[in-house]
């Protein structure tokens, strides 16, 4: 019995291969963007005193990230607003404001 090479095995499983090297930011752009938000957040301690302090800090961060932080990729609304459907009213009100300003300053 002869074993398959890793590449042949992954191809057989229909796993897509990536050609980016290690520590390349295009490997997972979503987690890279999230990690940048973590690193540049005011108050990020860089070193935690223990697992409990890390869990507490990240619980507060995740709450802020989902309920307060306005994301550019989803039209400057929070993920909570987007998932709850509140973004529709926000976008309508925003458009009314933009139309009013455009009417005053064409």
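Numbering (my numbering), first residue to last: 28 to 133. By construction, the Cβ of each residue, glycine as well, lies at the ideal position given by its N, Cα and C atoms.
Short Cβ contact (8 angstroms threshold) for residue i with residue j
i: residue 37; j: residue 44; result: yes
i: residue 72; j: residue 91; result: no
i: residue 75; j: residue 81; result: yes
Other residues of its chain near residue i: CB distance less than 8 angstroms, five sequence neighbours each side excluded
i: residue 105; result: 93, 94, 95, 96, 97, 98
i: residue 128; result: none
i: residue 39; result: 31
Span separating the alpha-carbon of residue i from that of residue j
i: residue 64; j: residue 70; result: 12 angstroms
i: residue 41; j: residue 62; result: 29 angstroms
i: residue 59; j: residue 110; result: 22 angstroms
i: residue 120; j: residue 79; result: 42 angstroms
i: residue 68; j: residue 77; result: 19 angstroms
i: residue 123; j: residue 130; result: 11 angstroms
Proximal residues to residue i (C-beta, below 7 angstroms), its chain only, five neighbours per side dropped
i: residue 114; result: 102, 104, 108
i: residue 117; result: 104, 108
Own chain, CB closer than 6 angstroms to residue i, minus 5 neighbours either side, in chain order
i: residue 35; result: none
i: residue 100; result: none
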